Every structure is written in C-alpha cells, then in structure tokens.
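This note's numbering puts the first residue of the sequence shown at 44, with every later residue one more than the last.
Backbone N, C-alpha and C define an ideal beta-carbon position, used for all residues, glycine too.
A quick note: this is a predicted structure, and the numbers were derived from the prediction, not measured.
So the structure is just underneath, and the comments pick up after that.
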Amino acid sequence: MIDALRHLPHAQASQETLAAAFSDLAPPLTARQAQIESERCLYCYDAPCSRICPSEIDVASFIRNIAHENINGAAKVILQSNILGGSCARVCPTEILCEHACVRNHDAEAQPVKIGLLQRHAIDHMHFEQHPFQAAPATGKTVAIVGAGPAGLACAHRLAMLGNQVEIFESHAKAGGLNEYGIAKYKLTDNYAQREIDFLLEIGGIQIHYGQSLGANLQLQQLQEKFDAVFLSLGLTASRSLGLAAEDAPGILAAVEYIAELRQAQDLSNLPVPKRALVIGAGNTAIDMAVQIARLGAEEVTIVYRRDMASMSATVHEQEIAKSNQVKIKLWAQPQAVLLDAAGRIRGMRFEKTKLYAGQLIATGESFEIAADAIFKAVGQTLDSHSISDALALTLQKDAGKIGVDAQFRTNLTGVYAGGDCVTPGQDLTVQAVQHGKLAALAIHSDLTSNMEAHHG
44 MIDALRHLPH AQASQETLAA AFSDLAPPLT ARQAQIESER CLYCYDAPCS
94 RICPSEIDVA SFIRNIAHEN INGAAKVILQ SNILGGSCAR VCPTEILCEH
144 ACVRNHDAEA QPVKIGLLQR HAIDHMHFEQ HPFQAAPATG KTVAIVGAGP
194 AGLACAHRLA MLGNQVEIFE SHAKAGGLNE YGIAKYKLTD NYAQREIDFL
244 LEIGGIQIHY GQSLGANLQL QQLQEKFDAV FLSLGLTASR SLGLAAEDAP
294 GILAAVEYIA ELRQAQDLSN LPVPKRALVI GAGNTAIDMA VQIARLGAEE
344 VTIVYRRDMA SMSATVHEQE IAKSNQVKIK LWAQPQAVLL DAAGRIRGMR
394 FEKTKLYAGQ LIATGESFEI AADAIFKAVG QTLDSHSISD ALALTLQKDA
444 GKIGVDAQFR TNLTGVYAGG DCVTPGQDLT VQAVQHGKLA ALAIHSDLTS
494 NMEAHHG
C-alpha cells in the first residue's frame, strides 16, 4: 500500500468495472484486417520506416511476410532485430517514428500503414516448435548484467545467442524493468511483459537473480572480478524532486511509484484514489499517470506544465489520449508551494504563471491555486546515486548526470559496459534501450572473443 496516500478513500468502482477500464488501448487486428493492412504497404526499396526504427527492424520485409500469410517468417524478421518486439509494438510511439516516416503518410492520404499493430499481430500469432534462435557453441565466457529491464534483457539474449553464459542481477522481484513496473496498464495487459520474458529466456544460458541491488547487496568490484564483462543497465530509478517545502507530506508522490503499484495490484479497487488529482510534468509518464487516475475514478485530473503544448515531451497521440479521458492540461504555470490542510495533508498547490521573454522562460510574479487531494510528480527520473556508490562504481565517468560510454557502450572501467536509459544519448524509449542492449552485446562479444584470439595467437 502506498503510504503517502493511505488517508485517501479507495476506488469506488468494483474490480470488474475497473479491469474493463484498463483493457487494451488499441484492440488488436483480426487476421483479415492484418491481411488488408499489410497489402497497403508499398514495400519501398529504401524503406524510410526501417531507417527511422531505433532497433533497425526490416519493416517492409516483415509486412510482406504477413501479406504472404507467413506469420512465423514475419515474427522472426522482427525478433532478430528486436527480441522485445511484442512489447515495443504496444508501447513504442510509432506515430512519431515508423508510421510518421511511412510514404503513405502524405497530405492527401494521411493514412500510414498501421506498422505497430501489424508488428503486434505477427508476434501475437507466431507458433514456433522451438525458440526461433539457436545459441552458438559455448565461448566459455561469462557476463554479468545489472538490471533486467529492456536493455539488460536484449543484451542477455544476444550474448546467449552468441554462446556466452549470462547472469542477470535484478533488484525487483520480477524482471522487465519499466515494461513490468512503469508503463500504463492499458498498454501492456494480461501479464504480457512476463510472457515475453519467458519466451526470451528459452534461448538458454541466462540466469536471473532477484533482489540484487548494486550498491546494497551487490558490488561492482565483485562482479568485475568474477565475470569476464559487466553490462550496467540500471535505468533511471530516482524521481526528481520539485525542490519545495513539505514535498514529503501525505498526498504527494512520484507518479512512477503509483504506476508500479497499479501495475502490480491484484485488485484495482484497493488502490487509493483522490477526488481531485494534480500531475506535474509533460512527458508520457505524466499522461500515463493522469489517464490512469481518471480511469480509476478521480473526478478532476489536471496536468500542469510550465511551457506550451508544443514543448511537451509527450507525443500528440498521448496528449489526445489524455483529452479523451477528460484530463485537463494547464499550461504556462510552475509549482510554487505545496498547500497543506490543518492535519498536514495535501489540499492543493500554488502555481506561478510563466511566459517566454526573449526566448527565456520566466516567472511573471502572478500566482494562483488549484485544490487537490493528491499531487503526482512526473518531472523526470535520474540515476540513483546509491547504485553507483561502491568504491569502484564511484570511479565511473559521468556525462550530464548519466554514465558516460563510448560508441561501443564501453565505460571508462575495463570490461564494464553500460546502456539503456542510464547512459547519455537518445530518447528514453523502450525500443532505444533494446537497441543499446543488442549493440552492447555485439561489442562485448567482439571484445571478449578478440581477446581470446590474442591470447591464443
């Protein structure tokens, strides 16, 4: 139970009613719809959809396989580039990536091929007698991976495929990272994240240890001594604070904590639900939070952001989901003070109006208040400093508050690599993390095997 919201009433509706509110956001295609949709693809020779895909899926090829009713063939094309292709098909912002680049997305037609739904169709309907990828002969090399999120899992799968022994150390009770704990429930339903991981592990050669936290019961030094290489996929698990007084008062919480609780809840009617909720932030997490609390029965949900709509990092598609769920979006305002009632609990927030002046965001000095029973912070995540606090980890080079790596995902420490959200480049997308994991695995494998040759030579 979430301590900060313990004083709030539970959801009013029954578990059945609430579960229905969290069913699939986009219903899957039927076989007939998939067939028709796949035939709209022009199979472009120099396909812009594949060029923009962060995980380099050969989009035209998998869609052609669907058109030819070769679902396994389509699935294999997707999975060889992106082993988490099933969850990516559900959570990836295809509307700003492959579908945006689709040649059918021009002014006259404005109907790109539904690439995300086709990708999901292929993965959901594949039937392989055995795992579609076979592991190469054993290299005798061992790799430790810290963090079982998308980057760590993708790295593990590719390393195992190349014949390496992999051990993953995960702090939570389940693998999956944000797919398990951080994505809106209506995007990944029916325990999908775990089913996908079960499939990934069928390659063999991967062991996962749970309840293992770097900086707590796990030290980087031990891992570096025991394994031939270490891959850090720590994610960004610490929530940024607003820097205001009374930020730890009952009724104020990081959005990701509530989302994790919601995703793990067996009975949604046990969740605390405020009548009036404020969400501070402008990214996909802010929207996920606002939409979910509205669906749980909050009567008034307002997202507050300090700039304009166009500056929001949440995609237009996500903004539309918010509007269709009666979420209000209040712009040009920044948090100024947390307001408490006589019992010391949240009763609202005071905001200061902002504006652009000579290209700079400035506060206008004019303020207003919004009443709320709960405030959810979605102002970004940072690297948890505890996880890189042991003597060796402290020597990791940082870059803008993240772990610095070269083009091969190598850190400044010998044999230690990093990828996913905890390193600098790219957007915080699942598909980007998968790509990092895959490329890091190739780099690690190449470094380990070239060392072998050097020793034998």
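* To do: Could you spell out the range, first to last residue, of the beta strand (DSSP E) harbouring residue 274?
  => For this step, residue 274 is matched to residue 231 along the sequence shown. 272–275 is the extent of the beta strand (DSSP E) around residue 274.
* Find out if the Cβ-Cβ distance for the pair residue 316, residue 333 is shorter than 8 Å. => For the purposes of this step, residue 316 is identified with residue 273 of the sequence shown, where counting begins at 1. For the purposes of this step, residue 333 is identified with residue 290 of the sequence shown, where counting begins at 1. Cβ atoms of residue 316 and residue 333: not closer than 8 Å.
* Of the choices 123, 285, 121, 179, whose alpha-carbon is the least far from that of residue 378? -> Indexing the sequence shown from 1 puts residue 378 at position 335. If we check each option's Cα against that of residue 378, 285 comes out closest.
* In three-state DSSP terms, what is residue 321? -> Along the sequence shown, one-based indexing puts residue 321 at 278. Three-state result, residue 321: strand.
* **residue 163 vs residue 71 beta-carbon contact at 8 Å** => As a working mapping, residue 163 is identified with position 120 in the sequence shown. As a working mapping, residue 71 is identified with position 28 in the sequence shown. Going by C-beta atoms, residue 163 is nearer than 8 Å to residue 71.
* Asked: Should residue 424 and residue 232 be called a contact, given that it needs their Cβ atoms to be closer than 8 Å?
  -> Here residue 424 is taken as the residue at index 381 of the sequence shown, counted from 1. Here residue 232 is taken as the residue at index 189 of the sequence shown, counted from 1. It is not a contact, given that the beta carbons lie outside the stated cut-off.
* Give the C-beta separation of residue 298 and residue 419 to the nearest angstrom, bearing in mind that I take them to be a contact with Cβ-Cβ under 8 Å. => Reading the sequence shown from its first residue, position 255 is the one you call residue 298. Reading the sequence shown from its first residue, position 376 is the one you call residue 419. 4 Å between Cβ atoms; contact.
* To do: Count the other C-beta atoms from every protein chain shown that fall within 10 angstroms of the C-beta of residue 230, then say buried if there are 16 or more, exposed otherwise.
  => Along the sequence shown, read from residue 1 onward, the residue named residue 230 stands at position 187. Buried, because 16 or more other Cβ atoms sit within 10 Å of the Cβ of residue 230.
* To do: Within the same chain, show all residues whose beta-carbon is closer than 7 Å to that of residue 90, passing over the 5 residues directly before and after it, in chain order.
  => Sequence index remark: in the sequence shown, residue 90 carries index 47 (1-based). Closer than 7 Å at Cβ, skipping near neighbours: 102, 103.
* Asked: Less than 8 Å separating the beta-carbons of residue 255 and residue 261?
  -> Here residue 255 refers to the residue found at position 212 when the sequence shown is read from its first residue. Here residue 261 refers to the residue found at position 218 when the sequence shown is read from its first residue. Yes, Cβ-Cβ distance for residue 255 and residue 261 is below 8 Å.
* For residue 502, which of helix, strand or coil comes out of DSSP? -> The question about residue 502 has no answer here: the residues shown for the chain are numbered 44 through 500.
* How many angstroms separate the CA atom of residue 433 from the CA atom of residue 258? -> Here residue 433 is taken as the residue at index 390 of the sequence shown, counted from 1. Here residue 258 is taken as the residue at index 215 of the sequence shown, counted from 1. Rounded to the nearest angstrom, the two C-alpha atoms are 6 Å apart.
* To do: Given a cut-off of 8 Å, decide if residue 308 and residue 314 are closer than it, judged by their beta-carbon atoms.
  => Locating residue 314 in the sequence shown gives position 271, where the first residue counts as 1. Locating residue 308 in the sequence shown gives position 265, where the first residue counts as 1. Yes, the Cβ-Cβ distance between residue 314 and residue 308 is below 8 Å.
* **Nearest-angstrom Cα separation, counted from residue 152 out to residue 144** => Position 101 of the sequence shown, counting from 1, holds the residue named residue 144. Position 109 of the sequence shown, counting from 1, holds the residue named residue 152. For residue 144 and residue 152, the distance between alpha carbons rounds to 13 Å.
* Label residue 80 either buried or exposed according to how many other C-beta atoms from any shown protein chain fall within 10 Å of its C-beta, with 16 as the threshold for buried. => Along the sequence shown, read from residue 1 onward, the residue named residue 80 stands at position 37. Looking at its Cβ environment, which holds 16 or more other Cβ atoms inside 10 Å, residue 80 is buried.
* CB contact flag (residue 202, residue 240, <8 Å) -> Here residue 202 is taken as the residue at index 159 of the sequence shown, counted from 1. Here residue 240 is taken as the residue at index 197 of the sequence shown, counted from 1. The answer is no: Cβ separation not under 8 Å.
* To do: From the DSSP output, in three-state form, read off residue 388 for me.
  => Position 345 of the sequence shown, counting from 1, holds the residue named residue 388. Coil.
* Asked: Taking Cβ positions, are residue 381 and residue 300 nearer each other than 8 Å?
  -> Position 338 of the sequence shown, counted from the start, is the residue given in the question as residue 381. Position 257 of the sequence shown, counted from the start, is the residue given in the question as residue 300. Taking 8 Å as the Cβ cut-off, residue 381 and residue 300 do not qualify as a contacting pair.
* Asked: Less than 8 Å separating the beta-carbons of residue 452 and residue 401?
  -> Within the sequence shown, numbered from 1, the residue matching residue 452 stands at position 409. Within the sequence shown, numbered from 1, the residue matching residue 401 stands at position 358. No. Outside cutoff.
* Asked: Would you say residue 191 reaches chain D, if we count a Cβ-Cβ gap shorter than 8 Å as a contact?
  -> Of the chains in the structure shown, none is chain D; there is only one protein chain.
* Asked: How many angstroms separate the CA atom of residue 328 from the CA atom of residue 142?
  -> Locating residue 328 in the sequence shown gives position 285, where the first residue counts as 1. Locating residue 142 in the sequence shown gives position 99, where the first residue counts as 1. Taking the straight line from one Cα to the other gives about 22 Å.
* To do: Would you identify the three-state DSSP class for residue 262, choosing helix, strand or coil?
  => In the sequence shown, residue 262 corresponds to position 219, counting from 1. In this structure, residue 262 counts as coil in the three-state DSSP scheme.
* residue 251 versus residue 167 - alpha carbon distance -> Taking the sequence shown and counting its residues from 1, one reaches residue 251 at position 208. Taking the sequence shown and counting its residues from 1, one reaches residue 167 at position 124. Approximately 25 Å, taken between the alpha carbons.
* **For residue 306 and residue 47, the rounded distance between their alpha carbons** => Along the sequence shown, read from residue 1 onward, the residue named residue 47 stands at position 4. Along the sequence shown, read from residue 1 onward, the residue named residue 306 stands at position 263. In a straight line, the C-alpha of residue 47 is about 18 Å away from that of residue 306.
* Asked: In whole angstroms, what separates the C-alpha of residue 287 from that of residue 394?
  -> The residue you call residue 287 lines up with position 244 of the sequence shown. The residue you call residue 394 lines up with position 351 of the sequence shown. Cα to Cα, residue 287 sits roughly 12 Å from residue 394.
* **Closest by C-alpha distance to residue 476, when choosing among 85, 383, 199, 159** => Stepping through the sequence shown from its first residue, residue 476 is reached at position 433. Of the listed residues, the one whose Cα sits closest to residue 476 is 199.
* To do: Determine the burial state of residue 180: buried for a count of at least 16 other Cβ atoms within 10 Å of its Cβ, exposed for fewer.
  => Within the sequence shown, the letter at position 137 stands for residue 180. Result: exposed.
* Asked: Going by alpha carbons, who is nearest to residue 160 out of 59, 355, 75, 248?
  -> As a working note, residue 160 is residue 117 in the sequence shown. Looking at the Cα atoms, 75 is the closest of the given residues.
* **Secondary structure of residue 60, DSSP reduced to three states** => Looking up residue 60 in the sequence shown gives position 17. Three-state result, residue 60: helix.
* Asked: If we count the other Cβ atoms within 10 Å of its Cβ and call it buried at 16 or more, is residue 133 buried or exposed?
  -> Sequence index remark: in the sequence shown, residue 133 carries index 90 (1-based). Buried: at least 16 other Cβ atoms inside 10 Å.
* Would DSSP call residue 212 helix, strand or coil? -> Along the sequence shown, read from residue 1 onward, the residue named residue 212 stands at position 169. Strand at residue 212.
* Neighbourhood of residue 207 by C-beta distance below 6 Å, restricted to the same chain and skipping five residues each side -> By 1-based counting over the sequence shown, the position of residue 207 is 164. If we look at residue 207 and ignore the five residues flanking it on each side, its Cβ neighbours are 182, 184, 186.
* Asked: Which of the three DSSP states, helix, strand or coil, is assigned to residue 48?
  -> Sequence index remark: in the sequence shown, residue 48 carries index 5 (1-based). Helix.
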